[in-house]
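Protein chains in written order, with the working numbering: chain A, 39 to 288; chain B, 1015 to 1354.
We put the CB at the ideal spot given by N, CA and C, even for glycine.
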Amino acid sequence: MKVISKFFLAAAAATALYSCDKEPVNTDGDFQIQMEYQWAMSGAPFTMNTMLYHPMSGDSLKFTTFKHYLSNIKLHHVDGSVWEAPESYHLLNIDDATSLVLDFTGVPAGEYNALEITFGVDSLRNVSGLQTGALDPANNMFWSWNTGYIMIKAMGESPQSPSGTFSYHLGGFSGPNSTILTKELNFPAGELLEITPDGTPVIHTMANPAKLFHTQGTVANMPMIHMPNTEAGIMASDFNQGVFIDHVHL
Amino acid sequence: MIRFRTGQLAGITIAASLLFSCSDDLRKDHSWRKDMLPEHFPEPVYSIDPDTLSEEVVALGRDLFYDNLLSSDSSISCGTCHAQTHAFAGHGTPISAGVHGRLGTRNTPGLSNLAWHNSYMLDGGINHLDLVPIAPITAFFEMDLSLNEAIHRLNSSPYKARFQRVYNTDSVHTKVLMKVLTAFELTLVSADSKYDRVVLGDSVFTEVEERGEVLFQSNCASCHTPPLFSDFSYANHGFEWPSTDAGRGRITLAAEDSGAFKVPSLRNAALTHPYMHDGSVYSLEEVLDRYSDGILVHSNLDPRIEGPMHFSDEEKAALIAFIHTLTDYTLNTNPRHSAP
């Protein structure tokens, strides 16, 4: 009878799931990325909701929002192979310290000479419809009227802005104005990252919000960007290119 | 006798119950779902598997489509502006009012045959059907409700239990909300007009309608291509220059796209006045007059239009008679698409 044989199939499947007692030997390891932010080249930590002086433009800038996407984290092995973190989409919000620590597991043990980061959300995900988790449109990093993610959102106040405020929603995933950047970051002093089953190395990466204005100059030039355009591409590129690995420790 | 641990017993029970619960749906009457993919239509762009859309999912989407809780002041629903009696276009006004009577800048488009579009909104700014409702729900001039607030309201309402039942989810979130709205929208198929019955051999045109069809094929069909009556391209047809709304140009940022808008499907056009992106043309008669003598030949004019078409009064009347054969009274009266 059909009913009984289906039941036995289910029973067999359930038994198979629960019957293994021996664990296979696991040589995979973990690592962590900790994103930190400094202001200009002063070495002083970047602080939100504080008036900061920009040494190049002379602007005073107070950031009330700073959020940006990182995705597709990969490690390059010395043998040329590449480990890719599965479903790697991370929304970093400087106001939320927990969002600045990214944990990765299941990395094959070995030596790695570069960390690859995609700054922003890759273009394929921008044309793949509804997403969840970090990519959920409810995170307010998404344009409802012109489908695409806001890769970097930086907002705040500045006396140098004609409106007193600045608001940068930097997005655009295709063509010359793309705000996405994929980059391999090397470890300091040519070190290698060693992944072993014991311990979790922490990669401290450093970003510099002042770099947003590196080419754009004073906020007065364009205090608001809310759609893909040349200036968005330049600001995103300047910020993303300025991210580096500061140090690694166990 | 085989000894099972508690975990194994639980596993077997769950597995067995799952095997028996799905078969009910597949034995139900499929006729409403078959209507979602008319035989004389091409393959849709959005891939639909009617078997995955249960009555419960569609009903949930329908109920939300007509529920005012998705607007900030709970005064309007999707159905307020997308009115069934007008083929889910606006209620005969150039611009539909949102919450607090706010007015945007563009006419409410009709909603039917959405799975055959390749992009959405009059300027094509949205590239996936599932993402569309986010725009009107969150727009200041429309429903002005943040996604987080919409989700909070749904999770504090009887809708939460309904979502838990149809999707394997603890609570409502963006993806499941959009999916049920898409499910309802996909049932809004318009394929039962007199034109369709003629194509399928069940009816015949009158002489005037036949004359109109011949004129339509040679003057209109390169953009308003049957059977969907649009090729979903973007075109500037010379009714206004310089353009006061960049239209497609706002999305592509290309100067040659300024003033171009999506070619609308002409299905049900007799019910969706006023016309054009801003609702500025009030009647089909005026539309034909403009195509006949009012086309402005300018740099962005679509290459498929050479200039004013110079129709005679008899030709205009025939074209209008043909457009009337595109009215689908099934879509506009089907209780499955109506407010609950």
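With 7 Å as the threshold, decide whether the Cβ of residue i is near any Cβ in chain B.
i        : result
A:Ser182 : yes
A:Gly167 : yes
A:Ala176 : yes
A:Thr170 : yes
A:Thr217 : no
A:Thr185 : yes
My assumption, with CB atoms under 8 Å, is that residue i sits in contact with residue j. Please give the rounded CB distance.
i         : j         : result
B:Ala1274 : B:Asn1314 : 7 Å
A:Gly101  : A:Gly194  : Looking at the sequence itself, residue 101 of chain A is Phe, so the reference to Gly does not match. At roughly 4 Å, the Cβ-Cβ gap stays under 8 Å, so A:Phe101 and A:Gly194 are in contact.
A:Thr238  : A:Asp68   : 4 Å
B:Leu1128 : B:Leu1202 : 7 Å
Spatial neighbours of residue i within its chain, please: CB distance less than 7 Å, with the 5 preceding and 5 following residues excluded, ordered by chain position.
i         : result
A:Gly148  : His115 and Ile233
B:Phe1246 : His1131, Asn1132, Lys1276 and Val1277
B:Asn1082 : Ser1088, Ser1089, Ile1090 and Ser1091
A:Thr88   : Lys100
A:Gly273  : In the sequence on display, residue 273 of chain A carries Met and not Gly. If we look at A:Met273 and ignore the five residues flanking it on each side, its Cβ neighbours are Tyr206, Leu208, Leu250 and Gln254.
B:Val1212 : Val1218 and Phe1219
Helix, strand or coil, according to DSSP, for residue i in the structure here?
i         : result
B:Ser1035 : The pLDDT assigned to B:Ser1035 is 40, lower than 50, so where the model puts this residue is not dependable, and the model offers no usable value.
A:Ser109  : strand
B:Glu1300 : helix
B:Phe1102 : coil
B:Val1213 : helix
A:Thr243  : strand
B:Ala1284 : helix
A:Leu168  : coil
A:Gln70   : strand
B:Asp1158 : coil
B:Thr1107 : coil
B:Ala1235 : coil
B:His1338 : helix
B:Arg1041 : With a pLDDT of 37 at B:Arg1041, under the threshold of 50, the modelled position of this residue cannot be trusted; read the value that follows with caution. Note: B:Arg1041 maps to helix in three-state DSSP.
B:Val1072 : helix
B:Val1059 : coil
B:Gln1178 : helix
B:Tyr1080 : coil
A:Asn259  : helix
A:Pro146  : strand
A:Thr220  : strand
B:Pro1317 : coil
A:His264  : coil
For a cutoff of 7 Å on Cβ pairs, would you count residue i as touching chain A?
i         : result
B:Met1192 : yes
B:Lys1174 : no
B:Lys1189 : yes
B:Asn1141 : yes
B:Ile1265 : yes
B:Asp1259 : no
B:Thr1152 : yes
B:Asp1144 : yes
B:Ala1274 : no
B:Ile1319 : no
B:Asn1250 : no
B:Ala1197 : no
B:Ile1148 : yes
B:Leu1202 : no
B:Asn1132 : no
B:Leu1161 : yes
Please go through the same chain and pick out, in chain order, the residues whose beta-carbon is closer than 8 Å to the beta-carbon of residue i, but skip the five residues on each side of it.
i         : result
A:Pro226  : Ile283, Asp284, His285 and Val286
B:Gly1298 : A small fix is needed here, since residue 1298 of chain B is Leu in this sequence, not Gly. The answer, listed in chain order, is Ala1283, Ala1284, His1287, Tyr1289, Ile1334 and Ile1337.
A:Gln70   : Val139, Leu140, Asp141, Phe142, Thr238, Pro239, Val240 and Ile241
B:Ser1035 : Only weak support is given to the placement of B:Ser1035: the predicted model assigns it a pLDDT of 40, under 50, and the value that follows is read from those uncertain coordinates. Correct list: empty, nothing qualifies.
Does the ligand NAD have even one heavy atom less than 6 Å from the beta-carbon of residue i?
i        : result
A:Phe104 : Inclusion of the ligand NAD in the displayed structure is not the case, the ligand content being empty and no account of it being possible.
Suppose the cutoff is 6 Å on Cβ atoms and the five residues either side in sequence are ignored; what does the same chain contact list for residue i look like?
i         : result
B:Thr1344 : Asp1206
B:Ala1197 : Leu1067, Val1071, Val1072 and Gly1075
A:Ile190  : His106, Leu208 and Ala274
B:His1105 : Ala1097
A:Tyr127  : Ser109, Ala172 and Leu173
Please report whether the beta-carbon of residue i lies at a distance below 7 Å from any beta-carbon of chain E.
i        : result
A:Leu219 : Among the protein chains of the structure shown, namely A and B, there is no chain E.
Point to revise | Any 3 or more C-beta pairs closer than 8 Å across the segment 1080–1095 of chain B and the segment 1266–1282 of chain B | key: Too few Cβ pairs lie closer than 8 Å, so no.
Check your understanding: For the segment 1329–1341 of chain B against the segment 1067–1074 of chain B, are there 3 or more C-beta pairs whose distance is under 8 Å?
Key -> no
Review point. So does the segment 1045–1053 of chain B actually touch the segment 1165–1181 of chain B, counting three or more Cβ pairs closer than 8 Å?
Key: Touching, no, given that fewer than three Cβ pairs across the two stretches are closer than 8 Å.
Check your understanding: Hey, is the segment 69–80 of chain A in contact with the segment 170–184 of chain A, meaning 3+ C-beta pairs nearer than 8 Å?
Key -> no
Review point. Can you find at least 3 beta carbon pairs, one from the segment 1301–1309 of chain B and one from the segment 1318–1327 of chain B, that sit closer than 8 Å?
Key: yes
Practice item. Check whether the segment 181–190 of chain A touches the segment 154–166 of chain A, taking contact to mean three or more Cβ pairs, one atom from each stretch, closer than 8 Å. Key: Touching, yes, given that three or more Cβ pairs across the two stretches are closer than 8 Å.
Practice item. Check whether the segment 1145–1161 of chain B touches the segment 1114–1128 of chain B, taking contact to mean three or more Cβ pairs, one atom from each stretch, closer than 8 Å. Key: yes
Check your understanding: Using 8 Å as the Cβ pair cut-off and three pairs as the minimum, do the segment 264–274 of chain A and the segment 214–223 of chain A touch?
Key -> yes
Practice item. Kindly confirm or deny that the segment 108–122 of chain A and the segment 84–98 of chain A touch, where touching means at least three C-beta pairs closer than 8 Å. Key: no
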